[in-house]
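Chains as they are written, first to last, in the numbering used here: chain A, 152 to 491; chain B, 152 to 491. Here the structure comes first, spelled out in structure tokens, and everything after it is commentary.
Number of protein chains: 2
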Amino acid sequence: MLDDRKLDVLRAIIEDYVSTQEPVGSKALVERHRLGVSPATVRNDMAVLEDEGFIAQPHTSAGRIPTDKGYRLFVDRLTSVKPLSAAERRAISTFLEGAVDLDDVVQRTVRMLAQLTRQVAIVQYPSLTRSTVRHVEVVTLAPGRLLLVLITSTGRVEQRVIEVSPALDDAVVADLRARLNALAIGQRLADAAVNVESLADAFDPADQSSVSTIVATLVGAFSDERSDERILIGGTANLARFGESFDTSIKPVLEALEEHVVLLKLLGEATSLSAMTVRIGHELPFEELSASSVVATGYGPGEEALANLGIVGPTRMDYPGTIAAVRAVARYVSQILGES
Amino acid sequence: MLDDRKLDVLRAIIEDYVSTQEPVGSKALVERHRLGVSPATVRNDMAVLEDEGFIAQPHTSAGRIPTDKGYRLFVDRLTSVKPLSAAERRAISTFLEGAVDLDDVVQRTVRMLAQLTRQVAIVQYPSLTRSTVRHVEVVTLAPGRLLLVLITSTGRVEQRVIEVSPALDDAVVADLRARLNALAIGQRLADAAVNVESLADAFDPADQSSVSTIVATLVGAFSDERSDERILIGGTANLARFGESFDTSIKPVLEALEEHVVLLKLLGEATSLSAMTVRIGHELPFEELSASSVVATGYGPGEEALANLGIVGPTRMDYPGTIAAVRAVARYVSQILGES
DNA sequence: ACTGGCACTCAGCAGAGGGGAGTGCCAGCA
DNA sequence: TGCTGGCACTCCCCTCTGCTGAGTGCCAGT
Numbered sequence: 152m153l154d155d156r157k158l159d160v161l162r163a164i165i166e167d168y169v170s171t172q173e174p175v176g177s178k179a180l181v182e183r184h185r186l187g188v189s190p191a192t193v194r195n196d197m198a199v200l201e202d203e204g205f206i207a208q209p210h211t212s213a214g215r216i217p218t219d220k221g222y223r224l225f226v227d228r229l230t231s232v233k234p235l236s237a238a239e240r241r242a243i244s245t246f247l248e249g250a251v252d253l254d255d256v257v258q259r260t261v262r263m264l265a266q267l268t269r270q271v272a273i274v275q276y277p278s279l280t281r282s283t284v285r286h287v288e289v290v291t292l293a294p295g296r297l298l299l300v301l302i303t304s305t306g307r308v309e310q311r312v313i314e315v316s317p318a319l320d321d322a323v324v325a326d327l328r329a330r331l332n333a334l335a336i337g338q339r340l341a342d343a344a345v346n347v348e349s350l351a352d353a354f355d356p357a358d359q360s361s362v363s364t365i366v367a368t369l370v371g372a373f374s375d376e377r378s379d380e381r382i383l384i385g386g387t388a389n390l391a392r393f394g395e396s397f398d399t400s401i402k403p404v405l406e407a408l409e410e411h412v413v414l415l416k417l418l419g420e421a422t423s424l425s426a427m428t429v430r431i432g433h434e435l436p437f438e439e440l441s442a443s444s445v446v447a448t449g450y451g452p453g454e455e456a457l458a459n460l461g462i463v464g465p466t467r468m469d470y471p472g473t474i475a476a477v478r479a480v481a482r483y484v485s486q487i488l489g490e491s
Numbered sequence: 152m153l154d155d156r157k158l159d160v161l162r163a164i165i166e167d168y169v170s171t172q173e174p175v176g177s178k179a180l181v182e183r184h185r186l187g188v189s190p191a192t193v194r195n196d197m198a199v200l201e202d203e204g205f206i207a208q209p210h211t212s213a214g215r216i217p218t219d220k221g222y223r224l225f226v227d228r229l230t231s232v233k234p235l236s237a238a239e240r241r242a243i244s245t246f247l248e249g250a251v252d253l254d255d256v257v258q259r260t261v262r263m264l265a266q267l268t269r270q271v272a273i274v275q276y277p278s279l280t281r282s283t284v285r286h287v288e289v290v291t292l293a294p295g296r297l298l299l300v301l302i303t304s305t306g307r308v309e310q311r312v313i314e315v316s317p318a319l320d321d322a323v324v325a326d327l328r329a330r331l332n333a334l335a336i337g338q339r340l341a342d343a344a345v346n347v348e349s350l351a352d353a354f355d356p357a358d359q360s361s362v363s364t365i366v367a368t369l370v371g372a373f374s375d376e377r378s379d380e381r382i383l384i385g386g387t388a389n390l391a392r393f394g395e396s397f398d399t400s401i402k403p404v405l406e407a408l409e410e411h412v413v414l415l416k417l418l419g420e421a422t423s424l425s426a427m428t429v430r431i432g433h434e435l436p437f438e439e440l441s442a443s444s445v446v447a448t449g450y451g452p453g454e455e456a457l458a459n460l461g462i463v464g465p466t467r468m469d470y471p472g473t474i475a476a477v478r479a480v481a482r483y484v485s486q487i488l489g490e491s
């Protein structure tokens, strides 16, 4: 039913439409792509493709544009990811390596992604809940005033300042610190929270209330959901190239970008590291974004994805190039995170 | 030259134009505002206002729209800041008080500001260089691997993980920590950097190279300019209400929002706490933003402004309301920062 | 199975015309 | 002197019209 040439025609239509943003007609097609057949033949193929729902006509006497279904076929079967140039790879790697801390890594990543894809980039901070404890620190700032610092395997640092009364002796604090670290280091945050929970029992009754305040705060930091939602966005200016119609294509995206909850849903569940999520138009869980697509993937230093990153763009985008860029950036970030 | 009635006319024109976005004519003016005179009289006044450059005609037979100069006069002389409603004040205060750390304060602030003004909100993180040192912590994570934590008076926390060789003894680290805090606490960061610089000399020669690595890193953190540039943006979706023309009004703003350097310049130098900066259209240092205005002010817990916050919107905006909102938010944030 | 030819459709553009909002000016009136 | 009503004029904007040209579907021919 769909022979090779029809697929070629579909590919050609998508490529032309992506670059020109205009409906493409049979004549223009044969001129720009060496299909080896006449416009009339292409027209017949187009009629079939339209019947099957891969392309559509905006109005009777216009060229064709791809439908979501057409893009889907294109992404799944017609396209092989085109590798980045050596210069691009080098640029990514040197730029990301300059980062000094986790914040900086994420910031640079989002910047890089936006620049490479020329789309709106979204990077989720490495999930707290899925990473492990590297170190816990308890420090007395002033009598009764303590600083808790939690460092995770991804380099993320959470800190809390708390007041306890009665104040704790330095020796008690040192003891607490040692016990906390013994119980928590190397554990996943959720597990660490459980391990640590009843720690106060081991202390002198006089200190127990203070200690349990500290432990409770720490458990709170271990299981802080707020931080799982942290997200960074970049390249909003690329919306300018989104297309003509402001209300139907740009406004909904701007609104989605404001709602981090929506964005998290767009990025999707952290998938395995190698998997690439491409969701096109109506495949997205938001009706208003039916003119947009999302390309996302997981990243993380280990075997498993800790968080997601990706881009949002118009359905009419350069999928092969975008997919390649997103994948490359994800790989480099994962690598950087592994090193630190 | 400009009697009271002419000023009334100007005010009426601005109010109508801000709410309708359309050039306002003499007849509509007398209908909507009880000026007590006839359209013909208003026309005469308008002619004068136009001669003086406060209003302009888009084309011969259209109503008038305010010029930048007109808005300027309006802001300087014709308007008294209208206070927020009690409900609004309460909303701000309770929402901001829920914040758990500095990041959270800034995030909530930007959100609040965007919501109240319905414009794009910009909040600069409290300047590192202008705040003082609250605490410095040095912790051994593993032999030769140290964590430095710097806490500032604004609650900001900077941390660095560094490797030194040879590894330092716990006693040496404790000594170093004590000396660092003695020299740095309460100092402005820049001063602290100077105080601390030659600290390595006091240590055993064998440890000096490691100690000076640590000190150097800390001095780096003290004078990290990168962090002075940190900025948070919110309410981009409000751009949707900016106006008709995408290219001339929205695109330049989106581009400016990408460039944090530009934003810092827009917010301007931190002014005294009470001063309000309003820059209208061409008064802004960027030609492309001639259709936008910025309303900004400083904020900070003490007497002096530590950083700025504000909004960007179309020149055609509700200045009294916006100014009131920006001022109120700045006050509340300052207060919250003072408490923590 | 492909091609050239042909009639048909229809978005988009340009030009014409009318309506209407708004102006400037002038003469008259308090 | 300052305000007002009236009037002629300007010119944007909307609508209508007709045209053009790209693109299509179909058919007969190879």
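Even glycine gets a Cβ: it sits at the ideal position worked out from N, Cα and C. Since we're looking at a predicted model, the values are computed, not measured.
Check whether the Cβ atoms of alanine 447/B and threonine 428/B sit closer than 7 Å, and answer yes or no.
-> Locating residue 447/B in the second sequence gives position 296, where the first residue counts as 1. Locating residue 428/B in the second sequence gives position 277, where the first residue counts as 1. Taking 7 Å as the Cβ cut-off, alanine 447/B and threonine 428/B qualify as a contacting pair.
Show which residues of chain A have a CB atom less than 8 Å away from the CB atom of histidine 286/B.
-> Numbered from 1 along the second sequence, position 135 holds the residue referred to as residue 286/B. Correct list: Val290, Leu292, Leu298.
Look up tyrosine 470/B in the DSSP assignment and give the residues it is bridged to.
-> In the second sequence, counting from the first residue as 1, residue 470/B sits at position 319. According to DSSP, which records beta bridges pairwise, tyrosine 470/B is partnered with nothing at all.
In chain order, each alpha helix (DSSP H) run of at least 4 residues that lies wholly inside the stretch 162 to 207 of chain B | Correct list: 177 to 183, 190 to 202.
Check proline 403/A in the structure and name its three-state DSSP category.
-> Here residue 403/A is taken as the residue at index 252 of the first sequence, counted from 1. Helix at proline 403/A.
State yes or no: is the beta carbon of alanine 353/B nearer than 7 Å to at least one beta carbon in chain A?
-> Locating residue 353/B in the second sequence gives position 202, where the first residue counts as 1. It does not; no Cβ of chain A falls within 7 Å.
Tell me valine 160/A's beta-bridge partners as DSSP assigns them.
-> To locate residue 160/A, count along the first sequence from 1; it is residue 9. Paired residue(s): none; valine 160/A is not in a bridge.
Between the Cα of aspartate 167/A and those of Met197/A, Pro217/A, Ala191/A, spot the shortest distance and give me the residue it belongs to.
-> Position 16 of the first sequence, counted from the start, is the residue given in the question as residue 167/A. Considering only alpha carbons, the answer is Pro217/A.
Do glutamine 359/A and alanine 351/A have their C-beta atoms closer together than 7 Å?
-> Numbered from its first residue, the first sequence carries residue 359/A at position 208. Numbered from its first residue, the first sequence carries residue 351/A at position 200. For glutamine 359/A and alanine 351/A, yes; Cβs fall inside 7 Å.
Residue of Val169/A, Gly221/A, Leu319/A minimising C-alpha distance to leucine 200/A = Numbered from 1 along the first sequence, position 49 holds the residue referred to as residue 200/A. Considering only alpha carbons, the answer is Gly221/A.
What are the residues that DSSP puts in a beta bridge with proline 217/A?
-> For the purposes of this step, residue 217/A is taken as the residue at position 66 of the first sequence. Looking at the DSSP assignment, proline 217/A forms a beta bridge with Ile206/A.
Can you name the start and end residues of the beta strand (DSSP E) that histidine 286/A belongs to?
-> Here residue 286/A is taken as the residue at index 135 of the first sequence, counted from 1. Per DSSP, the continuous beta strand (DSSP E) segment holding histidine 286/A begins and ends at 284 to 293.
C-beta atoms of arginine 330/A and valine 289/A nearer than 7 Å = Residue 330/A sits at position 179 when you count from the first residue of the first sequence. Residue 289/A sits at position 138 when you count from the first residue of the first sequence. One thing to note: arginine 330/A has its Cβ no nearer than 7 Å to the Cβ of valine 289/A.
Sequence-distant residues of the same chain with beta carbon closer than 6 Å to alanine 213/A, five excluded per side | Here residue 213/A refers to the residue found at position 62 when the first sequence is read from its first residue. Pro174, listed in sequence order.
Are the C-beta atoms of glutamate 409/A and some chain B residue less than 7 Å apart?
-> Working through the first sequence from its first residue, we reach residue 409/A at position 258. With 7 Å as the cut-off, glutamate 409/A counts as an interface residue toward chain B.
Whole angstroms is fine: what's the gap from aspartate 469/A's alpha carbon to alanine 407/B's?
-> Here residue 469/A is taken as the residue at index 318 of the first sequence, counted from 1. Here residue 407/B is taken as the residue at index 256 of the second sequence, counted from 1. Roughly 26 Å between the two C-alpha positions.
Counting only beta-carbon atoms, is leucine 417/B nearer than 7 Å to chain A?
-> Along the second sequence, read from residue 1 onward, the residue named residue 417/B stands at position 266. No, its Cβ sits nowhere closer than 7 Å to a Cβ of chain A.
Note the first and the last residue of the continuous beta strand (DSSP E) segment covering glutamate 309/A.
-> If you number the first sequence from 1, residue 309/A lands on position 158. Secondary structure note for glutamate 309/A: its beta strand (DSSP E) is the uninterrupted segment 308 to 314.
Between the beta-carbon of valine 257/A and the beta-carbon of alanine 335/A, is there less than 7 Å?
-> What you label residue 257/A is simply residue 106 of the first sequence in a count that begins at 1. What you label residue 335/A is simply residue 184 of the first sequence in a count that begins at 1. No. Outside cutoff.
What residues in the stretch 198 to 227 of chain A bring their beta carbon closer than 7 Å to a beta carbon of chain B?
-> Residues of the stretch 198 to 227 of chain A with a C-beta atom less than 7 Å from some C-beta of chain B do not occur.
Would you please verify whether the beta carbon of glycine 283/A is less than 7 Å from any beta carbon of chain B?
-> Here residue 283/A refers to the residue found at position 132 of the first sequence. According to the sequence displayed, residue 283/A carries threonine and not glycine. Chain B contact via Cβ: absent.
Using a cut-off of 9 Å between C-beta atoms, extract the partners of glutamine 310/B located in chain A.
-> Against the second sequence, residue 310/B aligns to sequence position 159. Ordered by position in chain A, the residues that pass the 9 Å Cβ test against glutamine 310/B are Asp252, Val300, Ile302, Val308, Gln310.
Ordered along the chain, which non-local residues of its own chain (more than five positions away) have a Cβ less than 6 Å from that of histidine 286/B?
-> On the second sequence, position 135 is the one that residue 286/B refers to. If we look at histidine 286/B and ignore the five residues flanking it on each side, its Cβ neighbours are Ile302.
With serine 374/B as the anchor, note down where its alpha helix (DSSP H) starts and where it stops.
-> Numbered from its first residue, the second sequence carries residue 374/B at position 223. First-last for serine 374/B: undefined, no H or E at that position.
In chain A, which residues lie with their C-beta within 8 Å of the C-beta of alanine 388/B?
-> For the purposes of this step, residue 388/B is identified with residue 237 of the second sequence, where counting begins at 1. Near alanine 388/B (Cβ distances below 8 Å), the residues of chain A are Lys402, Leu405, Glu406, Leu408, Glu409.
List the endpoints of the continuous alpha helix (DSSP H) containing isoleucine 336/A.
-> Along the first sequence, read from residue 1 onward, the residue named residue 336/A stands at position 185. It is not in any alpha helix (DSSP H) - isoleucine 336/A carries neither H nor E in the DSSP assignment.
Output the boundary residues of the beta strand (DSSP E) element that contains alanine 272/B.
-> Translated into the one-based positions of the second sequence, residue 272/B becomes position 121. It spans 271 to 275 - the beta strand (DSSP E) in which alanine 272/B sits, taken as one unbroken run.
In the DSSP assignment, find the alpha helix (DSSP H) that holds leucine 457/A and state where it starts and stops.
-> On the first sequence, residue 457/A is found 306 positions in, with the first residue counted as 1. Under the DSSP assignment, leucine 457/A falls outside any alpha helix (DSSP H); it carries neither an H nor an E label.
Count the CB pairs spanning the stretch 479 to 486 of chain A and the stretch 297 to 312 of chain A that are closer than 8 Å, and state whether there are at least three.
-> Contact fails: fewer than three Cβ-Cβ distances are below 8 Å.
Contacts of alanine 344/B in chain A (Cβ-Cβ under 8 Å) | Within the second sequence, the letter at position 193 stands for residue 344/B. Correct list: empty, because the minimum Cβ distance to chain A is about 17 Å.
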